[in-house]
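Trainee: Numbering (our numbering), first residue to last: 324 to 893.
1) Return the CA-CA distance between residue 487 and residue 706, expressed in angstroms with no decimal places.
2) With residue 838 as the anchor, note down where its alpha helix (DSSP H) starts and where it stops.
3) Less than 8 Å separating the beta-carbons of residue 566 and residue 847?
4) Could you check where the alpha helix (DSSP H) with residue 479 kicks off and where it finishes?
5) Count the other CB atoms, across all protein chains shown, that sit within 10 Å of the CB of residue 802; report buried if there are 16 or more and exposed otherwise.
6) I need the DSSP call for residue 703, collapsed to helix, strand or coil.
7) Between residue 710 and residue 860, what straight-line distance do the alpha-carbon atoms span, to the nearest angstrom?
8) Quick check on this structure: which residue in 704, 696, 348 has the alpha carbon closest to the alpha carbon of residue 731?
9) Which of the three DSSP states is assigned to residue 329 in this structure?
10) Among 880, 856, 726, 829, whose alpha-carbon lies nearest the alpha-carbon of residue 426?
11) Find out if the Cβ-Cβ distance for the pair residue 527, residue 353 is shorter than 8 Å.
12) Spatial neighbours of residue 499 within its chain, please: CB distance less than 7 Å, with the 5 preceding and 5 following residues excluded, ordered by chain position.
13) Who are the Cβ neighbours of residue 857 in its own chain at under 7 Å, not counting the five residues just before and after it?
14) Assuming residue 627 contacts residue 691 (C-beta within less than 8 Å), just tell me the rounded distance between them.
15) Is DSSP giving residue 776 helix, strand or coil here?
16) CB residue 804 to CB residue 762, shorter than 8 Å?
17) What would DSSP say about residue 421, mapped onto helix, strand or coil?
18) Between residue 429 and residue 561, how many whole angstroms is the CB-CB distance? I'm expecting something under 8 Å.
19) Tell me, please, whether the segment 392-405 touches the segment 430-437 by the rule of three or more beta-carbon pairs shorter than 8 Å.
20) Just tell me which of 457, 465, 619 has its CA closest to the CA of residue 660.
21) May I ask you to report which of helix, strand or coil DSSP gives residue 592?
22) Buried or exposed for residue 913, going by 16 or more other Cβ atoms inside 10 Å?
23) How would you write the range of the beta strand (DSSP E) that residue 639 sits in, first residue to last?
24) With H, G and I counted as helix, E and B as strand and the rest as coil, what does DSSP make of residue 324?
25) Mind pulling the beta strand (DSSP E) runs of 3 or more residues that sit fully within the segment 341-378?
26) What is the DSSP secondary structure of residue 397, counted as helix, strand or coil?
27) Report yes or no: do the segment 599-608 and the segment 622-641 share at least 3 C-beta pairs separated by less than 8 Å?
28) With a threshold of 7 Å on Cβ separation, who are the neighbours of residue 695 within its own chain once the five nearest residues in sequence on each side are excluded?
29) Which partner residues does residue 569 have in the DSSP bridge list?
30) Measuring CA to CA, which of 873, 853, 377 is closest to residue 622?
31) Determine, using beta-carbon pairs with one atom in the segment 439-455 and one in the segment 473-482, whether at least three such pairs fall under 8 Å.
32) Rounded to whole angstroms, how far is the Cβ of residue 832 from the Cβ of residue 874, which I believe are closer than 8 Å?
33) Here's the rule I'm using: 16 or more other beta-carbon atoms within 10 Å means buried, otherwise exposed. How should residue 869 be labelled?
34) Given 8 Å as the limit, is there contact between the segment 827-845 and the segment 343-362, that is, 3 or more CB pairs closer than that?
35) Look at residue 357 and residue 484 and say whether their C-beta atoms are less than 8 Å apart.
36) Quick test of your reading: residue 386 and residue 829, contact by CB under 8 Å. State the CB separation rounded to the nearest angstrom.
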């Protein structure tokens, strides 16, 4: 796989550091990979867009799913995952997840993470949508992500790993043979480094999280702008399954015009017995699925939207008044505080909820070792598409995927470096181009993209809505391209323009894939083709970026991914 030659318009790097591996991202996937690489004796650098403890992981409420309870087995976890994935999971990838998952969680506990315990002293396990057993380990009631992040950040600091905070990754560096040679990045604010620089390394691990900010309303933090997927595309990597964006069914409804990050009401609330009701108190999920409110997320989101359409309502309600004050305060203190901050007291009234963009099941395509189609470039966590989630992620499988595949990546990098000799020569990047190959979009384009995507590629999609979205995105893309003069000038380089440009990149891919997939499957809901079509669409859509910035779109032959690299590249 060769690079596209496309890069973001940015100044040439003014400083550089060398390493064996650079990990981009500080969530569960990134910090786990970094800790395992450091433990293997590799000179590891962690680059993160905000502070070290500001990764998406800290927002995770529900927990980590693993077969840790009495009577539960990896095989049962596998079955639930495959059902949720609606025929598009890579079975071998899921088997790796569920069999290696329990020990990965135990290692996380050894690292210092404290999970809630039952009265008998073992892990307190709960249920969430799509799970037939109680297998969700949680911490702080509903603050699992915050506890996992705390433990990993403390371990990283205790071991003295080199970190570069407040740094937006820009582009992948490659050597003359097309292999990974590091990344360029822009450091925002004070510190040892400032402005655009580079980390030179033969291995890069993308753990940049999601791209929820491509929609107007999302549970994702403001930094989730698809930077890792966009970088990988410009580097020539393949991405897959971007059409499968999971909209969380129960997000606190703040009004029809609310934008940006919205408060999540964890699925664990339903797992403990909360009911979805309409304004008249009718439990509308009964009879729609055997698990009712605990059906897979796509089923619940569709159920909520259907009821909203039937009643011409802006939202539905989650009723957990029967929990009582003590249970709310002990089991769900974070959600309770968020609701009360917005004038809702769930102890005494139902919570208004509606679906919002939550999780990207697709991403940069990887093999079972986290390798992408670019030699030396790895991906794990939400930025990756391992094949685990298929068409719809099973609740609380995301933190587990980050753990398991980060460990596999670290093992693969360590093995490769051992074969070459530890601390082998850092590859020499090809010369930095003098002129930009990619026009930057103005900062305000971000909001235009979000409106286009929400209206045309949200929970409810159709050929008409997607085609309109594609045309509107293309117009914005063309306007930026046409704005370039003979000197190659474009919008001023900066965080806002780089983020807007990355959002445009991932939005175009998402819409192209959603338009091509003429069926309804998992969290991809086409109103004009409401049935699942296994004969034609039980396969993946894979997208690459061409050097002329057009998209190369193809489908796999089966639901399993082909190898990411040719034998001589491995």
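All C-beta atoms in this analysis are idealised placements derived from N, C-alpha and C, irrespective of residue type, glycine included.
Mentor: Let me spell this out:
1) For the purposes of this step, residue 487 is taken as the residue at position 164 of the chain shown. For the purposes of this step, residue 706 is taken as the residue at position 383 of the chain shown. If I take the Cα positions, the gap works out to 20 Å.
2) Indexing the chain shown from 1 puts residue 838 at position 515. Residues 818-839.
3) Counting from 1 along the chain shown, the entry for residue 566 is found at position 243. Counting from 1 along the chain shown, the entry for residue 847 is found at position 524. Going by C-beta atoms, residue 566 is nearer than 8 Å to residue 847.
4) Translated into the one-based positions of the chain shown, residue 479 becomes position 156. Where residue 479 is concerned, the enclosing alpha helix (DSSP H) stretches over 467-481.
5) Position 479 of the chain shown holds residue 802. With fewer than 16 Cβ atoms within 10 Å of its Cβ, residue 802 is classed as exposed.
6) The count along the chain shown starts at 1 and reaches residue 703 at position 380. Coil, per DSSP.
7) Here the question's residue 710 lines up with position 387 in the chain shown. Here the question's residue 860 lines up with position 537 in the chain shown. Answer to the nearest angstrom: the Cα atoms are 15 Å apart.
8) Here the question's residue 731 lines up with position 408 in the chain shown. The option with the nearest alpha carbon to residue 731 is 704.
9) Residue numbering aside, residue 329 sits at position 6 when the chain shown is read from its first letter. Of the three classes helix, strand and coil, the one that applies to residue 329 here is coil, per DSSP.
10) Taking the first residue of the chain shown as 1, we reach residue 426 at position 103. The shortest C-alpha separation from residue 426 is found at 726.
11) The residue labelled residue 527 in the question sits at position 204 within the chain shown. The residue labelled residue 353 in the question sits at position 30 within the chain shown. It is not a contact, given that the beta carbons lie outside the stated cut-off.
12) As a first step, residue 499 is located in the chain shown; it is residue number 176 there, counting from the start. Hits under 7 Å: 753.
13) Reading the chain shown from its first residue, position 534 is the one you call residue 857. Here the set comprises 410.
14) Taking the first residue of the chain shown as 1, we reach residue 627 at position 304. Taking the first residue of the chain shown as 1, we reach residue 691 at position 368. At roughly 35 Å, the Cβ-Cβ gap does not stay under 8 Å, so residue 627 and residue 691 are not in contact.
15) Residue numbering aside, residue 776 sits at position 453 when the chain shown is read from its first letter. Reduced to three states, the DSSP call for residue 776 is helix.
16) Stepping through the chain shown from its first residue, residue 804 is reached at position 481. Stepping through the chain shown from its first residue, residue 762 is reached at position 439. Yes. Within cutoff.
17) Start at 1 with the first residue of the chain shown, and residue 421 comes out as number 98. Here residue 421 sits in helix by DSSP.
18) If you number the chain shown from 1, residue 429 lands on position 106. If you number the chain shown from 1, residue 561 lands on position 238. About 34 Å; that fails the 8 Å criterion.
19) no
20) Position 337 of the chain shown, counting from 1, holds the residue named residue 660. Selected option, being the one with the closest Cα: 465.
21) Against the chain shown, residue 592 aligns to sequence position 269. Helix, per DSSP.
22) Any answer about residue 913 is impossible in this case: the structure gives the chain only from 324 up to 893.
23) For the purposes of this step, residue 639 is taken as residue 316 along the chain shown, with counting starting at 1. Residues 639-642.
24) In the chain shown, residue 324 corresponds to position 1, counting from 1. Unreliable placement is indicated for residue 324, whose pLDDT of 49 sits below 50; no coordinate value is reported for it.
25) 344-347, 367-370
26) Residue mapping note: residue 397 aligns to position 74 of the chain shown, counting from 1. Residue 397: helix per DSSP, three-state reduction.
27) yes
28) Taking the first residue of the chain shown as position 1, residue 695 is located at position 372. Closer than 7 Å at the Cβ level, and outside the excluded window around residue 695, lie 555, 560, 687, 688, 689, 701, 702, 887.
29) As a working mapping, residue 569 is identified with position 246 in the chain shown. Note: residue 569 sits in a beta bridge opposite 682.
30) Mapped onto the chain shown, residue 622 falls at position 299. The shortest C-alpha separation from residue 622 is found at 853.
31) no
32) Numbered from its first residue, the chain shown carries residue 832 at position 509. Numbered from its first residue, the chain shown carries residue 874 at position 551. 6 Å between Cβ atoms; contact.
33) As a first step, residue 869 must be located in the chain shown, where it is residue number 546. With fewer than 16 other Cβ atoms within 10 Å, it is exposed.
34) no
35) Position 34 of the chain shown, counted from the start, is the residue given in the question as residue 357. Position 161 of the chain shown, counted from the start, is the residue given in the question as residue 484. Yes. Within cutoff.
36) By 1-based counting over the chain shown, the position of residue 386 is 63. By 1-based counting over the chain shown, the position of residue 829 is 506. Between residue 829 and residue 386 the Cβ distance is about 28 Å, and since that is not below 8 Å, they are no contact.
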